[in-house]
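Just so you know, numbering that gives the first Met the number 0 puts 239 at position 240 of the sequence shown, and the rest follows in order with no gaps.
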Amino acid sequence: MTRRDVIEILDGHHGQVGRTVAFVLHALILLSALAISLETVDSFPPAIHNALYYFEIFILTVFVTEYILRVTCSAQPLRYIFSFWGIIDLLACLPALLLIQEEWQAIRTLRLIRLVRLFKLFRTSLAFDRLTRAFSDVKGELVIFAIIAGLVLYVSAVGIYLFEHEAQPENFSSIPISLWWAVASLTTVGYGDLVPITTGGRIFTTFVLFIGLGVVAVPAAIVTAALLETQTAPKRVKKKKKKKHTDSAQDTQQGD
């Protein structure tokens, strides 16, 4: 078995063996997430907590082994180590360091870093690959829209401060405090902890809420369009290749 075979098995691309390994790893990730939740239940007897502890050691052993195999079998180890999935795999293994020495008990609260394992569920997902390509294709538009959203957020905070500061000096005491109201309003959440009471403030809030709908809807529309493009692009390529092959065959027949 070559190093390439090992990587393909771990990625789930090596026939039935790869699919089985991917299924087992995904199952362990989900079981690990369940174990993290159960560890917080204090009413469980010590035996169950001990079992969860040893199960955690087993999970860590599996993912540390996977990480070592990926580093040693990768054609470009450094490129893998500093890649997105390489960093995710490393973060999934870091909690193992917290189990080595007892004097590290104080930093064991960082065990929640184990939750990054859930990202590993998407490693072999074609849908996640399409989503990544979609974000990459429209990252320029998203950056511009994020800057615009930030400016609108700031202007909204300044506006509501001017309208409500005199009427509610405690609630809208400063522009930074008003930013919380702007975030809750522009995202259309509206927690209700900061509410305008002046007529001008309410009219201003109405405009902000309508703008907030666009703040949420426009990026979603941009990403959706990019996703549709990533789905239809391979089909168009196949059609072009098929048409080119058909035209080539017809030209050959005409030449004969």
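In this text, a Cβ means the ideal position worked out from N, Cα and C, and glycines have one as well.
- Between the alpha carbons of residue 4 and residue 141 lies a gap of roughly 38 Å.
- Setting aside the 5 residues that flank it on each side, residue 196 is surrounded in the same chain by 166, each with a C-beta closer than 6 Å to its C-beta; the list follows chain order.
- Excluding residues up to 5 positions away in sequence, 38 lie with their Cβ nearer than 8 Å to the Cβ of residue 48 in the same chain.
- For the pair residue 139 and residue 221, the Cα-to-Cα distance works out to about 11 Å.
- For the 9 Å CB-CB criterion, residue 185 and residue 150 do not form a contact.
- Residue 146 counts as exposed, since fewer than 16 other beta carbons sit within 10 angstroms of its beta carbon.
- Nearest neighbour of residue 9 by Cα position, chosen from 64, 224, 32, turns out to be 64.
- Only residues of its own chain outside the window of five on either side were considered, and among them 152 have a CB closer than 7 Å to the CB of residue 182, listed in chain order.
- Take the alpha-carbon of residue 62 and the one of residue 155: they are about 47 Å apart.
- Collapsing the DSSP output to three states places residue 195 in coil.
- Annotation: the continuous alpha helix (DSSP H) that includes residue 36 extends over 14-37.
- Nearest in C-alpha terms to residue 192, of all of 180, 93, 91, 201, is 180.
- Relative to the Cα of residue 158, the nearest Cα in the group 90, 173, 92 belongs to 173.
- Distance from the CA of residue 7 to the CA of residue 224, rounded to the nearest whole angstrom, comes to 32 Å.
- In the three-state DSSP reduction, residue 74 falls in the coil class, being neither helix nor strand.
- DSSP, read as helix, strand or coil, puts residue 166 in coil.
- Look at residue 44 here: in three-state DSSP terms it is coil, with no helix or strand label.
- At a Cβ-Cβ threshold of 9 Å, residue 177 and residue 160 count as neighbours.
- Judged by their CB atoms, residue 34 and residue 51 are nearer to each other than the 9 Å cut-off.
- Spanning the alpha carbons of residue 85 and residue 29 requires a straight line of approximately 20 Å.
- Judged by beta-carbon spacing, residue 194 lies beyond the 9 Å limit of residue 144, meaning their Cβ atoms are not closer than that value.
- A straight line joining the alpha-carbon of residue 80 with that of residue 25 spans about 21 Å.
- Taking C-beta atoms as the reference points, residue 72 and residue 129 fail to come closer than 9 Å.
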